[in-house]
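Engineer: Please see the structure below; I have some questions.
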Amino acid sequence: MNSKHTTFKNIKNTKYMETIQFKTNINCSGCIAKVTPKLNDAKGIVTWKVDTENPDKILTVETDNLPKESIIEIVQKAGFTIKSL
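Position 83, counted from 1, in the sequence shown is what the numbering used here calls 404; the numbers after and before it change by one each time, with no gaps.
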């Protein structure tokens with residue numbers, strides 16, 4: 322079973338990219354399936370992945386303009402805990 326998930330979105334004219342990491346409780350493929358539509362629909366997220374093998378279930382988000390507070394809100398609304406690293 323692949324425990325890492327990466328989603329790429331096509332963003333044109335990206336000038337500045339920021340990589341932000343979070344500790345989460347996204348720990349299985351079912352959890353990833355639940356959060357995927359929320360993160361994929363978020364404007365400003367270029368790529369994201371969850372390392373479910375890491376004890377802290379690290380969510381890494383590459384964004385061009387979305388503040389980390391917005392990412393936290395998206396993940397919380399999907400039903401998961403999230404803390405900025």
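Cβ atoms here follow ideal geometry from the backbone N, Cα and C, with glycine treated the same way.
From I352 to K364, what distance separates their C-alpha atoms?
Structural biologist: Stepping through the sequence shown from its first residue, residue 352 is reached at position 31. Stepping through the sequence shown from its first residue, residue 364 is reached at position 43. One point to set straight first is that residue 352 is Cys, not Ile, in the sequence displayed. About 21 Å.
Engineer: State yes or no: is the C-beta of D385 within less than 8 Å of the C-beta of Y337?
Structural biologist: The residue you call residue 385 lines up with position 64 of the sequence shown. The residue you call residue 337 lines up with position 16 of the sequence shown. Yes, they are a contact pair.
Engineer: From the DSSP output, in three-state form, read off I393 for me.
Structural biologist: By 1-based counting over the sequence shown, the position of residue 393 is 72. I393 falls in the helix class under three-state DSSP.
Engineer: Output the distance between the C-alpha atoms of T371 and P388, rounded to the nearest integer angstrom.
Structural biologist: Taking the sequence shown and counting its residues from 1, one reaches residue 371 at position 50. Taking the sequence shown and counting its residues from 1, one reaches residue 388 at position 67. Before going on, a small fix: residue 371 reads as Val here, not Thr. Computed Cα separation, rounded: 18 Å.
Engineer: Whose CA, out of I392, N346 and I379, lies closest to the CA of N361?
Structural biologist: Here residue 361 refers to the residue found at position 40 when the sequence shown is read from its first residue. Looking at the Cα atoms, I392 is the closest of the given residues.
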